[in-house]
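Trainee: Right, I'll just put the structure down here and ask away after.
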Amino acid sequence: MSTSYKDTLNLPRTDFPMKANLVAREPELLKYWEETDIYGQIQAAREDAPLFVLHDGPPFANGDVHMGTALNKILKDTVVKSKTMAGFKAPYLPGWDCHGLPIEFKVVKQDRGLSPVEVRRRSEELARKFIDVQRRQFKRLGVFGDWEHPYLTLAPAYEAEVLRAFGRLVDKGLVYQSKKPVYWSTGARTALAEAEVEYQEEDAPAIYVKFLLSSGPLAGKASIVIWTTTPWTLPANLAVAVNPGFGYRAQAYQNPHTGARETLVLANALAEEFCRATGYTLEAPTDADDDRSGAFLGTELEGWIYQHPFLGREGRVILGEFVTMDAGTGCVHIAPGHGNEDYVVGRRYGLPVLSPVDDDGRYTEECGVPELVGQYVFDANPRIIEMLRSSGALAFAGTLHHTYPHCWRSKVPIIFRAVEQFFIRMDDLRPEALRAVDDVRWLPPWGRNRIYGTVENRPDWCISRQRTWGVPLPAFYDEAGQPILRRDWIDQVADVVAEHGTNVWFDPLDQTIANALKLPPGTTRRNDTLDVWIDSGVSWLAVTDKMLGVTGQADLYLEATDQHRGWFQSSLIMSVALEGRSPYKECLTHGFVVDAVTRKKESKSDQTHNDPSAAAPAEGQTAATPKAKEKEKTYAKPRTAEHFVALHGADVVRLWVASVNHTDEVPFGEQMFTRLSETYRRLRNTLRILLGNTADFDLAQHTVSPEEFTFVDRWIMHRLQEVVATCREAYAAFEFHRVYHTLNQFCAVDLSSLYVDITKDRMYCDRPDSPRRRATQTVMHHVFDALCRLLAPLCPFTSEEAWNYSNHGTSVHLELFPARDERHVEIGLGAGVDELLGLRALISQAVEAARQEKKVGNALEAEVTLHVADEGLRARLAALDAELEEFFILSDLKITEGAEGAEAPTTVSLRPTSYKRCERCWRHRFAVGTMADHPTLCERCADVVAGQ
RNA sequence: GGGCCUGUAGCUCAGUUGGUUAGAGCAUGCGCUUGAUAAGCGCAGGGUCAUAGGUUCGAGUCCUAUCAGGCCCA
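Heads up: the first sequence is residues 108 to 1055, going by our numbering.
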């Protein structure tokens, strides 16, 4: 009997599967998109729409796509998809950063002694291999774009643009040549990058040296003491640095060898250590010593002059924040040609960059000591110590066991040596660059302060690299070895490169360039390359202008926070130099991926760009610290996007991106996916029930006009307008987690536990074409439609799949977002429903209590009485009439005045209903038992069954 | 060590110009349902808003310090 009545119901019907099986289904959708050229269709459909250009920051073509890279790409895609659906033409041209050390290093490590051209050939091969890998992985994530025509920094046309841009910088007088210290391998006769340096343990001389002061209050009376492990750099000593904030003291000591009394200046904090190490002892002050003038703050020492211990020149005391009290004397020997900090502080004080050492590590004439010229610097250490001893400048000579950088190839100890480099003059650009910073809208707003600080403090930009895998630095050299930078020549090189690629530069026998430029005989070129940040720093020019045909700024750049100092800055500087403005209007940053449990960083490979120093795990000195070791450990974790896509599907990975506030660090962990899968299922099942409930609904035939909507229908349409407005705003503000939470909330609460639950009775039990059932179907159709569109940028696969089940025929990604429809907005409706939900909660609690007492099994078996003291509320409830029972999903609801002595203005009482249960709709109704033909049915169900 | 940030229930997020018992979803526990069923519904528990001071009639919200974490420098 009951089963036969079940057959008279309109239960939901749909083929849209409950089980997503994304891992299998997504590739089918990808194929569908590929075959129908969805990206091309979208661009064509937005032909005349206003333009929105998100310019892709090129990831480094090296390795798999990790979660950090995936985060970045998914965010970009969500921006592009949401802008498209907001009515913009939003082309997306992906790119790759191809040049640079990490690739070259891989190639060179595999096979040594390759010619530059061969290194470049293999580097390109490697880069292209990873471009293919990453392209496949990005596409698998559902990212739409012009994947068949990406921009590559290794493309000849792109390289030519880089060269032309450089030529314009030269033309503007922004490029100059100067010396700068680099890691230098005397064994390989080449500059090294950080990654090419190995740290090995060894014993080094560690000496204390006295520099006699020749000016200041202690002139001629005292010496300032330095400590160094590289005596060979002393011929290049030009200064002594002290920390401005620390205390120093001039005190009398007894020399342990001569017994003489000497006044020495060193840091207070290290005087004791000095005595312990050297055997010097502190002497009691005598009348001759003016003890009150013996103590100094570091700043007071600035400008004092001292006599170089074995050269006929003087040096001066300068200030350096980098001076620590870890070791030594707190007074640091400065040779600007032999150390990076030395170089930086030396520039600040206008010191020359003295580096009297040749390619083989032998002293040149410039060292000033004839007997040292031609000697290998490390061999000269004993001789220098001897010179110091004989001149009385040596306080102590010992040895130190430490780790020291060595060449990874030739294994010889490396030296810091100044070589000629090219620079971009920052001071000429800075004011304009800072102004440009304030023309950009930074998201989040503190990004402005970050980049402002880096631009403000950035020293001149060293743009030359002694590398092979890059765009050649188009400088020529005359017979005397003097560099020639000419824009007309550079432009001609660019023309040659556009046609032949850059290899013609690196093949020493190739005459293409010489012939094309008609170079004077004796003119030579070298193998220096341009800093890769120049490559990517002009992408706005090469891509936005040349490839997309868009003149003007990109609307948006979107990268991780490390790019404030990286790509955002290099692009800004290049654009300011060439165009006098920022290349982007808005700049959005996201955080790094961190482990959800430990809050520690996930992987070092998340970087979008190739920062050579960060490209490989730190080794040597820094790796000795526990923190660095930890970093190294996390580095090895298999966190590829492919891994998680294969496990959960791309839409769930994308849901992860959508669920978090990406402006902070982005938490990530396996457990998060369990929860996200739950959310995903909720979204999917909501779409499914809407589809199931509208299976017999034909939009053209069955649409019901809003005037005929019932109360719940009006309410959910009202809610939908709020959801639409919130989501559109959140998308526009790039706050995708607000979209995620809004949609999740809407599906879980408003739809699933309220609207769909409430309307089940009419959907299943009414006549198929009852007006209120058709009204609800009309509403559900609208809700489904809006939900699919709003969800499309977050879950492109699932929304497309669902969209296809609703007979639309086309792709959801060609559609626009729903617009907020004011006709469905009803002031006060929300508050009214909130009031009802409050009562609903009271009823549920009462039912729950009755259930525990075994009075009733469920709400439909109860007679519920609402005791309402407030007359206005009673009137509002009465106005809803039968819809109230439906809203509360009750069989038998009565409303009376407030009960005597009630604790609250509204209370609920409850007992088993006296009505019998309708066998078809399961509600307990007064009429059950009174229907002659159907004694077990209520009047509505009897009527429906009779009509069939 | 410096610069720029972050820190609200187990998880992800809301908390409007400082103003009633700090909210939601998920997860957890206990039930109901078996007509969204590898689904659906209800109820319940769970937070000294990182910590410590301060300003205020009143602070998750403002200030200071500390701790933890991130990026970039050193």
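Note that CB positions come from ideal geometry on N, CA and C, so glycine has one too.
Check residue 729 in the structure and name its three-state DSSP category.
Mentor: Because the pLDDT of residue 729 is 27, which lies under 50, any placement of that residue in the model is unreliable, and the number read from its coordinates should be weighed accordingly. Helix.
Trainee: For the alpha helix (DSSP H) that contains residue 677, what are its first and last residues?
Mentor: Where residue 677 is concerned, the enclosing alpha helix (DSSP H) stretches over 674 to 686.
Trainee: Return yes when the Cβ of residue 474 is within less than 7 Å of the Cβ of residue 373, no when it is not.
Mentor: Result no, Cβ atoms of residue 373 and residue 474 do not sit closer than 7 Å.
Trainee: Can you find at least 3 beta carbon pairs, one from the stretch 200 to 210 and one from the stretch 156 to 168, that sit closer than 8 Å?
Mentor: With the cut-off at 8 Å, the stretch 200 to 210 and the stretch 156 to 168 touch.
Trainee: Looking only at C-alpha atoms, which of 801, 804 and 793 sits nearest to residue 856?
Mentor: Out of 801, 804 and 793, 793 has the C-alpha closest to the C-alpha of residue 856.
Trainee: Should residue 413 and residue 314 be called a contact, given that it needs their Cβ atoms to be closer than 7 Å?
Mentor: No, they are not a contact pair.
Trainee: Using CA coordinates, which residue listed in 914, 1028 and 896 is at the minimum distance from residue 190?
Mentor: The option with the nearest alpha carbon to residue 190 is 896.
Trainee: Is residue 629 buried or exposed, if buried means 16 or more other CB atoms sit within 10 Å of its CB?
Mentor: With fewer than 16 other Cβ atoms within 10 Å, it is exposed.
Trainee: For the pair the stretch 217 to 228 and the stretch 604 to 622, tell me if three or more CB-CB distances fall below 8 Å.
Mentor: Because the criterion of three Cβ pairs below 8 Å is met, the stretch 217 to 228 and the stretch 604 to 622 touch.
Trainee: Nearest by alpha-carbon distance to residue 503: which of 600, 336, 132 and 324 is it?
Mentor: Among 600, 336, 132 and 324, the Cα nearest to that of residue 503 belongs to 336.
Trainee: Tell me the rounded alpha-carbon separation between residue 228 and residue 234.
Mentor: Rounded to whole angstroms, residue 228 to residue 234 spans 10 Å at the Cα level.
Trainee: Note down, in chain order, each residue of its chain lying with its Cβ closer than 6 Å to the Cβ of residue 833, except the 5 sequence neighbours on either side.
Mentor: Counting only Cβ-Cβ distances below 6 Å, and skipping sequence neighbours, we find 849.
Trainee: Can you say whether residue 125 is buried or exposed, counting buried as having 16 or more other CB atoms within 10 angstroms of its CB?
Mentor: By the 10 Å Cβ count, residue 125 comes out exposed.
Trainee: Identify which residue in 766, 364, 526 and 771 has its Cα closest to the Cα of residue 782.
Mentor: Nearest of 766, 364, 526 and 771 to residue 782, Cα basis: 766.
Trainee: Please identify the residue among 809, 920, 860 and 495 whose C-alpha is closest to the C-alpha of residue 879.
Mentor: Cα-wise, what sits closest to residue 879 is 809.
Trainee: Compute the Euclidean distance between the alpha carbons of residue 829 and residue 271, then round it to the nearest angstrom.
Mentor: Whole-angstrom Cα-Cα distance: 52 Å.
Trainee: What is the rounded straight-line gap between the Cα of residue 1002 and the Cα of residue 1035?
Mentor: Cα-Cα distance, rounded: 22 Å.
Trainee: Give the straight-line distance between the Cα atoms of residue 693 and residue 129, rounded to the nearest whole angstrom.
Mentor: Between residue 693 and residue 129, the C-alpha separation is close to 35 Å.
Trainee: Could you tell me whether the stretch 586 to 597 touches the stretch 559 to 576, where touching means 3 or more Cβ pairs closer than 8 Å?
Mentor: Because the criterion of three Cβ pairs below 8 Å is not met, the stretch 586 to 597 and the stretch 559 to 576 do not touch.
Trainee: Are the beta-carbon atoms belonging to residue 549 and residue 542 less than 7 Å from one another?
Mentor: In this structure, residue 542 does not lie closer than 7 Å to residue 549 by Cβ.
Trainee: At the level of alpha carbons, what is the spacing between residue 881 and residue 995?
Mentor: Distance between the alpha carbons of residue 881 and residue 995 is about 21 Å.
Trainee: Between residue 401 and residue 326, what straight-line distance do the alpha-carbon atoms span, to the nearest angstrom?
Mentor: Cα to Cα, the separation comes out at about 13 Å.
Trainee: Report the partner residues of residue 423 according to the DSSP bridge assignment.
Mentor: Beta-bridge pairing links residue 423 to 346 and 412.
Trainee: Is it buried or exposed for residue 998, if we count other Cβ within 10 angstroms and need 16 for buried?
Mentor: So residue 998 counts as buried.
Trainee: Three or more C-beta pairs closer than 8 Å, one from the stretch 361 to 380 and one from the stretch 434 to 453: is that the case here?
Mentor: Yes: at least three Cβ pairs fall under 8 Å.
Trainee: If you follow the beta strand (DSSP E) that residue 809 is part of, which residue opens it and which one closes it?
Mentor: Counting along the chain, residue 809 falls outside any beta strand (DSSP E), though it belongs to the alpha helix (DSSP H) covering 806 to 809.
Trainee: Look up residue 337 in the DSSP assignment and say whether it is helix, strand or coil.
Mentor: Residue state, collapsed to three classes: coil.
Trainee: For residue 1080, which residues in the same chain have their Cβ closer than 8 Å to its Cβ, ignoring the five residues on either side in sequence?
Mentor: Beyond the ends of the chain as shown, which are 108 and 1055, falls residue 1080; an answer cannot be given.
Trainee: Within the continuous beta strand (DSSP E) that includes residue 801, where are the two ends?
Mentor: Run containing residue 801: none; DSSP gives neither H nor E here.
Trainee: Are residue 495 and residue 316 closer than 7 Å when you measure CB to CB?
Mentor: A contact, by the Cβ cut-off of 7 Å.
Trainee: Output needed for residue 470: all residues of its chain with C-beta closer than 8 Å, excluding positions within five of it in sequence on either side, in chain order.
Mentor: 342, 463, 464, 476, 479, 480, 481, 482, 484 and 487.
Trainee: Am I right that residue 862 and residue 900 are in contact with their C-beta atoms under 8 Å? What's the rounded C-beta distance?
Mentor: Incorrect: roughly 24 Å between the Cβ atoms, too far for contact.
Trainee: What residues are listed by DSSP as bridge partners for residue 438?
Mentor: Its beta-bridge partners are 349.
Trainee: Can you give me the Cβ contacts of residue 231 inside the same chain, cut-off strictly under 7 Å, excluding the 5 residues immediately before and after it?
Mentor: Closer than 7 Å at the Cβ level, and outside the excluded window around residue 231, lie 261.
Trainee: How close, in whole Å, do the beta carbons of residue 185 and residue 1055 come, if the pair is a contact with beta carbons under 8 Å?
Mentor: Rounded, the Cβ-Cβ distance is 48 Å, inconsistent with contact.
Trainee: With C-beta atoms as the reference, is residue 773 less than 7 Å away from residue 698?
Mentor: A contact, by the Cβ cut-off of 7 Å.
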